[in-house]
Amino acid sequence: MVGRKICDCEVNILQFTLSSPRRQESICHPERSRGIPFVFMLSKFISLIKDILFPVYCISCGNEGEWWCDKCLTKEKLTGVTTFLAVKAVDGLTAFFNYDKCVAGAKLIKQFKYNFAGDIKIVWDKLVTKYGDKVLPTELKRGEWTIIPVPLYPRRQRERGFNQAEVLSEILLDFFTMQGIQHKYDKSSLKRNRNTIQQVKLSGEDRRKNLAGAFVWQGSTPAPAKVILVDDVFTTGTTMQSCAEILKQSGTQVVWGVTLAKD
């Protein structure tokens with residue numbers, strides 16, 4: 208068995224544990240608890256239960272312990288994919304791997320995005336740390352850029368529990384900070400103002416129609432001059448293009464996309 212299936216049991220454990228009035232009091236009034244804060248202990252307990260009931264196996268070799276072990280990740284020797292798209296609102300794109308050529312990475316993106324396996328973010332953190340210097344263009348390490356994730360519709364984000372683009376944006380921000388590069392981060396100004404059909408289910412023209420008017424800039428104007436726009440996968444580019452158009456209409460001069468994969 209490779210990977211693991213996400214189960215409602217994890218949620219049920221949390222709900223059962225929190226149902227106790229004594230536990231609720233510990234959370235609401237941590238000063239009344241002794242020793243290690245209860246929320247921290249609860250988190251460790253749930254993590255332990257998950258590891259016992261739903262062990263993780265490397266997506267490549269099948270060894271237990273990690274979604275993508277260091278040995279298999281190193282074997283990939285990712286060099287990244289960089290494309291200049293100057294004729295469109297997205298001026299350029301950098302992806303860490305090609306979706307069709309990196310089977311393990313593609314499988315993990317599906318688990319992360321559609322099976323709500325949020326703990327896979329540990330893999331993306333390792334990947335960016337290991338390959339960021341090699342993959343990310345020098346241009347993104349110069350000057351002041353603002354990192355902005357492609358937004359999810361609020362209801363979909365609540366259902367999923369996280370926005371994968373936000374997770375990746377924060378990993379990138381940490382990477383740049385560790386390099387001594389002080390980029391800014393804005394996850395609240397670019398909004399998705401209506402729910403849309405998942406793009407993966409649509410063809411090219413239908414994708415454009417699906418996203419027409421779906422994004423809006425609600426931050427201060429003009430928008431940041433240079434934006435690193437982050438998403439998980441670049442396929443036809445319709446989503447990123449729609450976001451970039453709104454950004455440029457709001458004052459942004461350069462938009463550079465960064466994704467895990469390019470399809």
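Numbering of the sequence shown is given in the numbering used here, commencing with residue 208 and proceeding in unit increments.
Ideal placement from N, C-alpha and C gives every residue a C-beta, glycine not left out.
The three-state secondary structure of GLU452, taken from DSSP, is helix. For the pair of segments examined, the segment 305-317 was found not to touch the segment 355-368: the number of CB pairs separated by less than 8 Å stays below three. Spanning the alpha carbons of LEU379 and ASP413 requires a straight line of approximately 31 Å. For ALA419, the number of other beta carbons within 10 angstroms of its own is below 16, and it is reported as exposed.
By the Cβ neighbour-count rule, TYR306 is buried, with 16 or more other Cβ atoms within 10 Å of its own. Distances from the CA of GLY339 to each of PHE304, ASN417, TRP274 and TYR321 were compared; the closest alpha carbon is that of PHE304. If you look at ASP340, you'll find it in the alpha helix (DSSP H) that goes 328-342.
Taking the C-beta atoms as reference points, LEU343 is found nearer than 8 Å to THR301. In the displayed model, ALA296 falls within coil according to three-state DSSP, outside both helix and strand. DSSP places PHE382 inside the alpha helix (DSSP H), whose first and last residues are 371-385. Under the three-state reduction of DSSP, THR281 is assigned to helix. For PRO361, the enclosing alpha helix (DSSP H) starts and ends at 361-367. Between ALA372 and VAL437, the alpha-carbon positions lie close to 6 Å from each other. Contact between the segment 263-273 and the segment 426-444 is absent: fewer than 3 CB-CB pairs across the two stretches fall below 8 Å.
When LYS416, TRP331 and PHE382 are compared, the shortest CA-CA separation from ALA313 is found for TRP331.
Around the C-beta of ARG401, fewer than 16 other C-beta atoms lie within 10 Å, and the residue is accordingly described as exposed.
Straight-line spacing of the CA atoms in TRP463 and GLU271 works out to 37 Å. Every alpha helix (DSSP H) of 4 residues or more that sits fully in the segment 407-447 is shown, in chain order, as 411-418.
Secondary structure of VAL263 (DSSP, three-state): coil.
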